[in-house]
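J.: Going down the list, the protein sequences come from chains Y and G. So the first sequence is residues 2 to 552, counted in the working numbering. So the second sequence is residues -4 to 282, counted in the working numbering. Ideal placement from N, C-alpha and C gives every residue a C-beta, glycine not left out. Could you have a look at this structure, given as structure tokens, before my questions?
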Amino acid sequence: MVNLVEIRDLKVEATTDSGRRVDIINGVSFDIAEGEIVALIGESGSGKTTIALTLMGHARPGCRISGGSVSVAGKDMLTLSEKQRARVRGTEFAYVPQSAAAAFNPAATIMDQVIEVTRIHGIMSPDEARARAVDLFRALSLPEPETIGSRYPHQVSGGQLQRLSAAMALIGDPKLVIFDEPTTALDVTTQIEVLRAFKSVMKKGGIAGVYVSHDLAVVAQIADRIVVLKGGEAKEIGTTEEILNGAKHPYTRELLAAFEPKPRGAADAAESGPAPLLEIENLIAGYGQAQADGLPLVRAVEHVSLKVEKGRNLGIIGESGCGKSTLARTIAGILPAAVGKIVFDGKELGRSARERSRDELREMQIVFQYADTALNPAKSVEDILARPLTFYHGMNAKARNARVDELLDMVRLPHNLRHRRPGELSGGQKQRVNFARALAADPKLILCDEITSALDTVVAAAIIDLLKELQRELGLSYIFISHDLSVVEAICDEIVVMYGGKKVEEITPAKVKTPEHPYSQLLFSSVPRLDPTWLDGLEQDPELVRAYCRR
Amino acid sequence: MTMTHSETKSDRISGTRLGYRFNIIGMVGLSVILFWALIAILAPLIVPYPVGEIVDLDYFGPMSRDFWLGSDYLGRDMLSRILMGARYTVGLSLAAVTIACFSGVMLGMIAAVAGGWLDTVLSRFLDALNSIPSKLFGLVVVAAVGSSIPVLILTLSVIYIPGAYRFARALAVNINAMDFITVARIRGESTLYLIRSEILPNIVGPVLADLGIRFVFIVLLLSGLSFLGLGVQPPYADWGALVRENIGGLPFGAPAVMAPSFAIASLTISVNLLIDNLPKKIRDRSE
């Protein structure tokens, strides 16, 4: 049997700004048979996208394919000329990028962009292409397949756009489609629909696929075989069954282990205090001009009340746009509440950060999702951590120095990292520095706004463990905001489910299996499981889906 | 680790030993600028003849052993006049560009961080100032209060403040939207700290590049004003004035009109070359 794709001993190297050469892919070999979907899985920087791009004979700027061979449908992609490659791109194989929103031209209609491939390659007449596109829209279960093509990209939702970009890839009738993290940016409830659509189209057409992802549970639903990558090397290759049930390589096991929800140890005696640490009553906050009734034009948080006990953790979970981040910003005083009371440690806080005293600010710290933008790229780690020490505690240079070392120890970073800038750290390291800065203030409460969602599973699990450990040592409380149920389950004592700016349910992790509110049921059942049959076996009430999903 | 280290050294390109990469074009630019700066400082010591004295019997004299760059329309030594002119052109422009960029960048960052009415008032006021044609503004000011070196410096800087302000504000607004500024704000930091420690380090690169471009503009505007007779007053002359007073030599191909033009060109071009090729610090992440 001839394989559609044969990659042999692939090597890709990059040149750094000092002219040094670094191998980013180091001798990777695997095959893809006709109609087979192979997943490339690994952490960021493991080379999964780089390998996917070499299938098209492409290397990103600064990179060079330095050895090995990539043969797709009998052609060696590396020896073809650029012109010959252009001829097969889009017809023999196609690419679905991670962010469909960025991949579409906002100034042209969707239909024009979907059929562009047929025009470039002259495969079929525009009318035929349009008819075929509509068929594809239907196959991908897009709403109103007849007319959706005449819309502009901003007029459809993220999940629809992602499916449309798959239609764009499929229209040239390729033998191989490369999916580059196509569902990573989507909400879990949307992700299901997109995955289902991809799966059915690929199976029906007998199209081979390469599915790049860092999420093992998603990959388990769609892939026939899995290639586990780390540091530019294939650590393990096997069928989905083999990888999930009989992983041999330690890294694969680590990946799998990161998926097991680690139940949080029973809350210790810290709950004795009579007064809660933070109490929020009837909070309303939003954006835009204040209306006649004193409320903002767009209300992102409506009538939310919640309570955090000392030494305990509260999880806030919901989809993008449900107001969970706005709630955190309101509590921190970044966005002043329009109505409502925030009582922290027995005192009522000012609504905006400016009205709060320095100590009040110090005791409540917020850690943002993206460590990339939350750390000043022009400052060293040392300077970043030292500033709160000077500002809140007035430490002199010597005390500061010692404390920076302590903080780095706390977040398990080596001391020699202190002279580096954020740009020279990995994602997980940056998030640790981000967290250490909050710790430097000696807070009582830390608001964690999606701090693990930009990280890979293994790294995120390590950060969660770190948070738990620090809580034991320092007696902190966390408000943990996330869209990822397993993360919240692992660390929180109470979980608040938000939808459309409102709190819809408050439950404990023990009862997560049996939520009462229909939205919570939908949300919790949409989280992918490490079971290849999960997606096919999943049944959701279509009424519910229609009511709560903006697909 | 040691392996990679030795490999690193052998692979490095020239000029990277200090951890900075500075290419040859940038170095050429820098050396021309340094040359002119040196001339500006040392001019009184090295001029072969007094600046105002008529030393050649001929006017628009050719290059000769006595007069390396010929003589001007009165028979004064051109080399001496260019060497002294460097003081005005380089010195005046440097002073003006420093004032313009410092005040513009400060105001721009304050406007970005403070926002609200302060931002609006500052922006509209400087927009209004920006709408006055620069040569006309210079003409009016010089005609009203007369030409002196402080007046020239101030006029030139006022003309270029709005541009520097706009540039710095645009950069600072972007930085201001980043999470680390929010973190600093809810830490309770003052506006001054935000500007100095959080924003400035992140915009200093483009601001320096902008300073270089503005320096060139100022040299050219000063030359223009002098060409119109409103710049540095006789017997001293900056390079622009030298071109103007010797313009009559153009039909004869006199070196007196060519030399100062080349001087202006060499300075402005090398400033541009330098700012386009500023040394870059090498921060090799993968090491």
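What are the boundary residues of the alpha helix (DSSP H) that includes F210/G?
T.: Where F210/G is concerned, the enclosing alpha helix (DSSP H) stretches over 195 to 222.
J.: Using a cut-off of 8 Å between C-beta atoms, extract the partners of V178/G located in chain Y.
T.: Going along chain Y in sequence order, the residues near V178/G (Cβ under 8 Å) are I367, F369, A375, R438.
J.: Can the beta-carbon of V382/Y be found less than 7 Å from the beta-carbon of G429/Y?
T.: Against a cut-off of 7 Å, the Cβ pair of G429/Y and V382/Y comes out as no contact.
J.: Taking only beta-carbon atoms, is I335/Y less than 7 Å away from chain G?
T.: Chain G contact via Cβ: present.
J.: With DSSP collapsed to three states, give me the class of M411/Y.
T.: Looking at M411/Y - three-state DSSP - the assignment turns out to be helix.
J.: When the Cα atoms are used, what is the spatial distance from A140/Y to I208/Y?
T.: So the two alpha carbons sit approximately 14 Å from each other.
J.: Would you mind working out which of V213/Y, E507/Y, E7/Y, L523/Y sits nearest K308/Y, comparing C-alpha positions?
T.: When only C-alpha atoms are compared, the closest one is E507/Y.
J.: Identify whether N106/Y lies in helix, strand or coil by the three-state DSSP scheme.
T.: Three-state result, N106/Y: coil.
J.: Kindly say whether A60/Y, judged by its beta-carbon, lies nearer than 7 Å to any beta-carbon of chain G.
T.: Judged by the 7 Å Cβ criterion, A60/Y is not in contact with chain G.
J.: If you count every other CB in all the chains shown that lies within 10 Å of the CB of P175/Y, and 16 or more means buried, which is it?
T.: P175/Y is buried by the Cβ-count criterion.
J.: Bridge partners of C64/Y, per DSSP?
T.: Note: C64/Y sits in a beta bridge opposite A15/Y.
J.: Looking only at DSSP bridge pairs, what is Q366/Y linked to?
T.: DSSP, once it has assigned bridges, lists I447/Y as partnering Q366/Y.
J.: In whole angstroms, what is the alpha-carbon distance linking R352/Y and L131/G?
T.: C-alpha separation (whole angstroms): 51 Å.
J.: Closest to E303/Y by CA distance: which of S483/Y, Y500/Y, S72/Y is it?
T.: If we check each option's Cα against that of E303/Y, Y500/Y comes out closest.
J.: Is the distance from the Cβ of F199/Y to the Cβ of P154/Y below 7 Å?
T.: For F199/Y and P154/Y, no; Cβs fall outside 7 Å.
J.: Do A53/Y and V202/Y count as a contact pair if the criterion is CB distance below 7 Å?
T.: The answer is no: Cβ separation not under 7 Å.
J.: Give the straight-line distance between the Cα atoms of A301/Y and F345/Y, rounded to the nearest whole angstrom.
T.: Cα-Cα distance, rounded: 22 Å.
J.: Cα separation between L41/Y and D188/Y?
T.: Spanning the two alpha carbons is a distance of roughly 21 Å.
J.: Counting only C-beta atoms, is N169/G closer than 7 Å to chain Y at any point?
T.: It does not; no Cβ of chain Y falls within 7 Å.
J.: By the 10 Å Cβ neighbour count, where 16 or more other Cβ atoms means buried, how is L262/G classified, buried or exposed?
T.: Buried, since its Cβ has 16 or more Cβ neighbours within 10 Å.
J.: Helix, strand or coil: which one does DSSP assign to H250/Y?
T.: Three-state DSSP puts H250/Y in coil, outside helix and strand.
J.: If I452/Y sits next to Q432/Y, beta carbons under 8 Å apart, how far is it from one beta carbon to the other, in whole angstroms?
T.: That pair is a contact at about 6 Å.
J.: Whose Cβ in chain Y lies nearer than 9 Å to the Cβ of G183/G?
T.: Within 9 Å Cβ-Cβ: A354, R355, R357, S358, R359, L362, R363, F392, Y393.
J.: Within 7 Å (strictly less), CB to CB, does D233/G reach chain Y?
T.: By this cut-off, D233/G is not an interface position.
J.: Could you give the DSSP three-state label for P157/G: helix, strand or coil?
T.: Reduced to three states, the DSSP call for P157/G is helix.
J.: Should the region 91 to 102 of chain G be called in touch with the region 147 to 164 of chain G, which here means at least 3 C-beta pairs below 8 Å?
T.: Yes: at least three Cβ pairs fall under 8 Å.
J.: Expressed to the nearest angstrom, what Euclidean distance is found between the alpha-carbon atoms of R65/Y and S82/Y?
T.: Rounded to whole angstroms, R65/Y to S82/Y spans 15 Å at the Cα level.
J.: The beta strand (DSSP E) spanning Q541/Y covers which residue range?
T.: No beta strand (DSSP E) contains Q541/Y, which DSSP labels as neither H nor E.
J.: For K275/G, I'd like the list of residues in its chain whose CB is within less than 8 Å of its CB, leaving aside the five on either flank, ordered along the chain.
T.: So the list reads Y15, R16, F17, once near-sequence residues are dropped.
J.: Could you give the uninterrupted runs of the alpha helix (DSSP H) lying entirely in the region 14 to 80 of chain G, keeping only those of 4 residues or more?
T.: The region 14 to 80 of chain G contains these whole alpha helix (DSSP H) runs: 19 to 41.
J.: Along chain Y, which residues have their Cβ under 9 Å away from the Cβ of P307/G?
T.: No information on residue 307/G is available, as it lies outside the stretch -4 to 282 that chain G covers here.
J.: Could you tell me which chain G residues have their CB closer than 8 Å to the CB of P389/Y, listed as they occur along the chain?
T.: R182, listed in chain order.
J.: Where L143/Y and A102/Y are concerned, what is the direct C-alpha to C-alpha distance, given to the nearest angstrom?
T.: When rounded, the distance between both Cα atoms is 16 Å.
J.: Under 7 Å between the Cβ atoms of L171/Y and L137/Y?
T.: Against a cut-off of 7 Å, the Cβ pair of L137/Y and L171/Y comes out as a contact.
J.: Nearest chain Y C-beta to M101/G closer than 7 Å, yes or no?
T.: Chain Y, which has no Cβ nearer than 7 Å to the Cβ of M101/G, makes this no.
J.: Taking DSSP's pairing of strands, which residues face R90/Y in a bridge?
T.: Partner(s): F94/Y.
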